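Asker: Chains as they are written, first to last, in my numbering: chain X, 30 to 231; chain H, 11 to 194. Just so it is clear, CB atoms sit at the ideal spot from N, CA and C, and this is done for glycine as well. For clarity, every value in this text was computed on a predicted model and none was experimentally measured.
(1) Listed from N- to C-terminal order along the chain, which residues in the region 33-48 of chain X have their beta-carbon within a distance smaller than 7 Å of any beta-carbon of chain H?
(2) In terms of alpha-carbon separation, which member of X:219, X:57, X:37 lies closest to residue 121 of chain X?
(3) Looking at C-beta atoms only, is the number of pairs between the region 164-181 of chain H and the region 128-146 of chain X that lie closer than 8 Å three or more?
(4) Taking residue 130 of chain X as the query, report the chain H residues whose CB atoms sit under 8 Å from its CB, ordered along the chain.
(5) Shortest alpha-carbon distance to residue 83 of chain X belongs to which of X:44, X:91, X:116?
(6) Should residue 102 of chain H go down as buried or exposed, given a rule of 16 or more other Cβ atoms within 10 Å for buried?
(7) Hey, how far is the Cα of residue 30 of chain X from the Cα of residue 37 of chain X?
(8) Using a Cβ-Cβ cut-off of 6 Å (strictly less than) and excluding sequence neighbours within five positions of residue 13 of chain H, which residues of its own chain qualify?
(9) Would you kindly check if the distance between the Cβ of residue 194 of chain X and the Cβ of residue 34 of chain H is under 8 Å?
(10) Could you give the DSSP three-state label for residue 86 of chain X: helix, strand or coil?
(11) Whose Cβ in chain H lies nearer than 7 Å to the Cβ of residue 97 of chain X?
(12) So, does the CB of residue 63 of chain H fall closer than 8 Å to a CB anywhere in chain X?
(13) Among the candidates H:156, H:191, H:130, whose CA atom is the shortest distance from the CA of residue 220 of chain X?
(14) Would you identify the three-state DSSP class for residue 29 of chain H, choosing helix, strand or coil?
(15) Any idea which residues DSSP pairs residue 102 of chain X with across the strands?
(16) Taking beta-carbon pairs under 8 Å, can you tell me which members of the region 133-148 of chain X lie near chain H?
(17) Does any residue of chain H have a CB that is nearer than 8 Å to the CB of residue 66 of chain X?
(18) Relative to the C-alpha of residue 197 of chain X, which candidate in H:26, H:37, H:32, H:20 has its C-alpha closest?
(19) Taking 8 Å as the threshold (C-beta atoms), are residue 186 of chain H and residue 160 of chain X in contact?
(20) Chain X partners of residue 95 of chain H, CB-CB under 7 Å?
(21) Buried or exposed: residue 41 of chain X, going by 16 or more other Cβ atoms within 10 Å of its Cβ?
(22) Taking Cβ positions only, does residue 55 of chain X come closer than 8 Å to chain H?
(23) Ordered along the chain, which non-local residues of its own chain (more than five positions away) have a Cβ less than 7 Å from that of residue 51 of chain H?
(24) Using a C-beta cutoff of 8 Å, does residue 86 of chain H count as contacting chain B?
(25) So, does the CB of residue 51 of chain X fall closer than 8 Å to a CB anywhere in chain H?
(26) Should residue 175 of chain X be labelled buried (16 or more other beta-carbon atoms within 10 Å of its own) or exposed?
(27) Kindly indicate if chain X contains any beta-carbon less than 8 Å away from that of residue 38 of chain H.
(28) Excluding the 5 residues preceding and the 5 following residue 233 of chain X in the sequence, name in chain order all residues of the same chain whose CB lies nearer than 7 Å to its CB.
(29) With the cut-off set at 8 Å, would you say residue 56 of chain H and residue 182 of chain H are in Cβ contact?
(30) Between the C-alpha atoms of residue 181 of chain X and residue 189 of chain X, what's the straight-line distance to the nearest angstrom?
(31) Could you list the residues in the region 213-224 of chain X with a C-beta less than 7 Å from some C-beta on chain H, going in chain order?
(32) Would a check of beta-carbon distances place residue 118 of chain X closer than 8 Å to chain H?
(33) Name the residue from X:201, X:207, X:164, X:184 whose alpha carbon lies nearest to the alpha carbon of residue 167 of chain H.
(34) Residue range of the alpha helix (DSSP H) that residue 132 of chain H falls in?
(35) Label residue 87 of chain H either buried or exposed according to how many other C-beta atoms from any shown protein chain fall within 10 Å of its C-beta, with 16 as the threshold for buried.
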């Protein structure tokens with residue numbers, strides 16, 4: 030990844046030096062910039078801003094935090110803001126991070142919502158929105174496929190995926206019950222084995 | 011004004027369902043905002059979600075509009091509407107933020123716990139399933155014919171084959187939509 034030739038030890042020293050100088054406002058400002066520019070997905074922008082540009086975390090820690098945020102409920106973007114902010118400057122850093130990353134998109138969506146409320150039934154807005162919604166559906170499906178490829182470790186996991194979809198969309202069991210029932214069965218299916226033949230693909 | 015406590019309850023609840031991504035909570039969000047509380051229609055919700063894909067930042071920021079809309083509809087006040095939007099953000103991100111903070115700090119201890127990996131692997135399949143379920147219920151509203159189906163398929167293939175910025179693909183969808191549906 031890195032173009033320059035820096036040893037891991039150098040990188041560690043650089044991160045420690047950069048981290049010592051970080052203020053709450055720096056965190057807020059950096060996350061605000063990411064919140065305002067991260068079109069099409071936050072994670073690459075987070076990496077660019079925090080690892081490459083500011084050296085507040087190294088790549089290894091970034092990937093570790095990403096895996097924590099993916100296994101918790103909540104959005105990747107906001108979980109990462111909390112985890113990174115907390116590592117940098119405690120809970121106040123976490124608050125600065127999440128407020129910064131949410132602010133630009135939140136203000137924008139507030140305005141978009143108001144505009145839509147007034148002009149949403151204008152024919153040209155409707156045509157546009159039909160196209161946008163269809164594109165978003167395609168985008169989502171691609172995200173699901175990519176996530177599935179990356180995070181499913183066992184062929185039988187596909188059965189859990191299928192059962193979850195049927196429970197929610199056909200049996201209308203509701204998300205919480207499905208999560209609880211299928212989740213528990215799936216966790217016990219992956220009970221801790223002594224030998225780790227099926228290790229997770231990262 | 012009386013919508014605010016309901017918004018807090020609904021979005022704090024939706025918050026904990028977002029396992030794997032915001033879309034995991036979509037079927038429940040649709041049920042609560044459309045069927046139970048009549049804040050908006052299904053297609054309005056899908057429109058707001060989809061336009062939200064063009065905005066930078068976390069991809070569920072459209073919840074702000076739901077809060078704004080719900081309170082505005084009940085009170086007629088723009089200021090209270092904005093307050094509704096703010097309340098929704100805090101309710102939706104608060105619970106998971108707190109959890110992330112706690113788990114993030116305990117991670118070093120959790121890392122050695124043998125069941126951690128089981129939970130991660132088990133939840134991975136369920137969260138992919140929940141995201142797929144959310145995607146399908148959203149697609150039911152979004153994909154209504156050949157044109158919308160074609161746009162969705164095009165975006166899907168472009169995403170899987172090439173590394174194109176998703177926001178650009180959504181923008182392309184908007185342009186194709188206007189050209190395709192515009193009265194000739």
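Answerer: Answer, in terms of the structure:
(1) none
(2) Within the first chain, the letter at position 92 stands for residue 121 of chain X. Here the closest residue by C-alpha is X:57.
(3) no
(4) Looking up residue 130 of chain X in the first chain gives position 101. Contacts between residue 130 of chain X and chain H, judged by CB atoms closer than 8 Å, involve 67, 68 in chain order.
(5) By one-based count along the first chain, residue 83 of chain X stands at place 54. Of the candidates X:44, X:91, X:116, the one whose C-alpha sits nearest the C-alpha of residue 83 of chain X is X:44.
(6) The count along the second chain starts at 1 and reaches residue 102 of chain H at position 92. Buried is the call here.
(7) As a position in the first chain, residue 30 of chain X is number 1, starting the count at 1. As a position in the first chain, residue 37 of chain X is number 8, starting the count at 1. Interpretation of residue 30 of chain X is limited by its pLDDT of 48, a score under 50 that renders its predicted location unreliable; the figure taken from the coordinates is listed afterwards. Their Cα atoms are separated by approximately 13 Å.
(8) One-based indexing of the second chain puts residue 13 of chain H at position 3. So the qualifying residues of the chain are 80, 81, 84.
(9) To locate residue 34 of chain H, count along the second chain from 1; it is residue 24. To locate residue 194 of chain X, count along the first chain from 1; it is residue 165. The answer is no: Cβ separation not under 8 Å.
(10) Mapped onto the first chain, residue 86 of chain X falls at position 57. It is coil, neither helix nor strand.
(11) As a first step, residue 97 of chain X must be located in the first chain, where it is residue number 68. Under the 7 Å cutoff, chain H gives 113, 114, 117.
(12) Counting from 1 along the second chain, the entry for residue 63 of chain H is found at position 53. Closer than 8 Å: yes.
(13) For this step, residue 220 of chain X is matched to residue 191 along the first chain. The residue with the shortest Cα to Cα distance from residue 220 of chain X is H:130.
(14) Taking the second chain and counting its residues from 1, the one referred to as residue 29 of chain H is at position 19. Residue 29 of chain H falls in the strand class under three-state DSSP.
(15) On the first chain, residue 102 of chain X is found 73 positions in, with the first residue counted as 1. Paired residue(s): H:29.
(16) 133, 134, 135, 137, 138, 139, 141, 142, 143, 145, 146
(17) As a first step, residue 66 of chain X must be located in the first chain, where it is residue number 37. With a threshold of 8 Å between beta carbons, residue 66 of chain X makes contact with chain H.
(18) In the first chain, residue 197 of chain X corresponds to position 168, counting from 1. Looking at the Cα atoms, H:37 is the closest of the given residues.
(19) Locating residue 160 of chain X in the first chain gives position 131, where the first residue counts as 1. Locating residue 186 of chain H in the second chain gives position 176, where the first residue counts as 1. Contact flag set, yes.
(20) Counted from its first residue, the second chain places residue 95 of chain H at position 85. Result: 139.
(21) On the first chain, residue 41 of chain X is found 12 positions in, with the first residue counted as 1. Residue 41 of chain X should be labelled exposed.
(22) Counting from 1 along the first chain, the entry for residue 55 of chain X is found at position 26. False, the Cβ-Cβ gap to chain H never drops below 8 Å.
(23) Here residue 51 of chain H refers to the residue found at position 41 when the second chain is read from its first residue. Excluding positions up to five away in sequence, the list reads 44.
(24) The structure shown contains no chain B; its protein chains are X and H.
(25) Here residue 51 of chain X refers to the residue found at position 22 of the first chain. Not closer than 8 Å to any Cβ of chain H, the Cβ of residue 51 of chain X fails to qualify, so no.
(26) Here residue 175 of chain X refers to the residue found at position 146 of the first chain. So residue 175 of chain X counts as exposed.
(27) In the second chain, counting from the first residue as 1, residue 38 of chain H sits at position 28. Answer yes: the Cβ-Cβ gap between residue 38 of chain H and chain X drops below 8 Å somewhere.
(28) The structure shown does not extend to residue 233 of chain X, since chain X is modelled only from 30 to 231, so the question has no answer here.
(29) Position 46 of the second chain, counted from the first residue, corresponds to residue 56 of chain H. Position 172 of the second chain, counted from the first residue, corresponds to residue 182 of chain H. Contact: no.
(30) In the first chain, residue 181 of chain X corresponds to position 152, counting from 1. In the first chain, residue 189 of chain X corresponds to position 160, counting from 1. The alpha-carbon atoms of residue 181 of chain X and residue 189 of chain X are separated by roughly 10 Å.
(31) 215, 216, 218, 219, 220, 221
(32) In the first chain, counting from the first residue as 1, residue 118 of chain X sits at position 89. No, residue 118 of chain X lies away from the interface with chain H (no Cβ there is under 8 Å from its Cβ).
(33) Reading the second chain from its first residue, position 157 is the one you call residue 167 of chain H. Nearest of X:201, X:207, X:164, X:184 to residue 167 of chain H, Cα basis: X:164.
(34) Here residue 132 of chain H corresponds to residue number 122 of the second chain, with the count starting at 1. Element bounds for residue 132 of chain H: 124-152.
(35) Start at 1 with the first residue of the second chain, and residue 87 of chain H comes out as number 77. So residue 87 of chain H counts as exposed.
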